Amino acid sequence: MDSFPEDHLMELAVAPTAPSYGDLLEAQRELLLNHMQKPQELVAVQCKLTGVNPLSQEMAAGALSIKIGKRPRDLINPKAMQYMQYVFSIKDSISKRETREISARFGVTSTQVRDFFTVQRSRVRKLARLSGERSNKSDSGLVIN
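Heads up: the sequence shown at position 94 corresponds to 101 in this note's numbering, and the numbers run straight through without jumps.
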């Protein structure tokens, strides 16, 4: 029969005891807090760098009941939207250079800027067409004696 060497028995006697449940829970709690703290720090740094809360798009989407995962487009930050509406009130199309400037200034893509102006132009045309049809209908209702 094989016997264990004396050194092995000494190692078994000196082996540390298993940690208690309280110690394990405390270690898990610290790990969880560290995992939560890192994204918060990342959001704070990103907010300082861009001037926009990166979570604002998700919060706005939640308030508007828009499912971010379902739609391929991203929401445009409010400052960019306000500025583009101001520019659109002056002129309805912009150059590529202006598109790049707005993109860089507000942290949106040039495609988002281009699409914004395209959508606004089509809305204006649609409203003009509808108002023209309404005025034609009201004019046709007049009877001339």
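We put the beta carbon where it would ideally sit given N, CA and C, even for glycine.
These numbers were taken from a predicted model, which means no experiment stands behind them.
Would you call residue 52 buried or exposed, if buried means 16 or more other Cβ atoms sit within 10 Å of its Cβ? exposed
Where the alpha helix (DSSP H) containing residue 106 begins and where it ends: 103-113
Using three-state DSSP, classify residue 142 as helix, strand or coil. helix
Whose CA, out of 36, 39 and 99, lies closest to the CA of residue 131? 99
Quick one: what's got a C-beta closer than 7 Å to residue 91's C-beta in the same chain, skipping five residues either side? The answer, listed in chain order, is 109, 120 and 123.
Please report how far the alpha carbon of residue 158 lies from the alpha carbon of residue 35, in whole angstroms. The structure shown does not extend to residue 158, since the chain is modelled only from 8 through 152, so no value can be given for it.
Here's the rule I'm using: 16 or more other beta-carbon atoms within 10 Å means buried, otherwise exposed. How should residue 115 be labelled? buried
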